[in-house]
Amino acid sequence: MKAALKCAQTALKEGEVPIGAVVVLDGKVISRGHNRRTKKQVATAHAEVEAIEKACKKLKSWRIPECEIYVTLEPCPMCMGAMLNARIKKCYFGAYEAKGRTLTSEIANANLLNHKIEVEGGVMEKECAAVLSNFFKEMRVRTKLNAES
7 MKAALKCAQT ALKEGEVPIG AVVVLDGKVI SRGHNRRTKK QVATAHAEVE AIEKACKKLK
67 SWRIPECEIY VTLEPCPMCM GAMLNARIKK CYFGAYEAKG RTLTSEIANA NLLNHKIEVE
127 GGVMEKECAA VLSNFFKEMR VRTKLNAES
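Okay, here's the thing in structure tokens:
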């Protein structure tokens, strides 16, 4: 998860929502990703999708069932779908989606595509949540200052 947090810091430096992800094979990070939606102006430019795409290219397969993914925030339904499609073995995530807008457990256990994903949440939860909380606090301050100008 520390590697995913470093990816989140990269996103933060680029002005993106600080979410990071890494794909791991046999205990080694094989790909990294971070949010790039604003920079790319692409709705699917999530950290998980970027990390999965890079892992698939590296392993020369769209199926990566030996891999695990670590992501700093509970995945959205699209990213869970990407994990299912890639046949990822396990997803570890840090912070829980505060607004509860995910279907993480339901999607992971739905046996879609004859595949289920093991999920473990709350890994380094405080550290992952703090990065996001600080980003949104600073964003609200900037928005307020701009409105007052």
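In the numbering used here, the protein residues as written are 7 to 155.
Quick reminder that beta carbons are idealized off the backbone N, C-alpha and C, glycines included.
Note that the structure is a prediction, hence the values are computed from the model and not measured.
Per DSSP, reduced to three states, the secondary structure at Lys-46 is helical. A direct Cα-to-Cα measurement between Arg-146 and Ile-58 gives close to 32 Å. Separation of the CB atoms of Ile-75 and Met-86 is rounded to 10 Å, and the pair is thereby denied contact status at 8 Å. Here the alpha carbon of Cys-62 sits roughly 17 Å from the alpha carbon of Thr-50. For Ser-139, the enclosing alpha helix (DSSP H) stretches over residues 131-154. The three-state secondary structure of Ala-51, taken from DSSP, is coil.
Linking Leu-151 to Lys-66 through their CA atoms gives a straight-line distance of about 48 Å. A distance of 8 Å or more separates the beta carbons of Leu-79 and Glu-56. Nearest to Gly-39 by C-alpha distance, out of Asn-120, His-52, Gly-33, Lys-46, is His-52. Within its own chain, the residues whose Cβ lies closer than 6 Å to the Cβ of Val-137, once the five positions on either side in sequence are excluded, are Ala-14, Pro-24, listed in chain order.
With respect to the 8 Å criterion, Ile-123 and Ile-94 are classified as neighbours on the basis of their beta carbons. The C-beta separation of Lys-64 from Ser-37 comes to about 6 Å, placing the pair in contact by the 8 Å criterion.
Beta-bridge annotation (DSSP): Leu-79 is paired with Ala-101.
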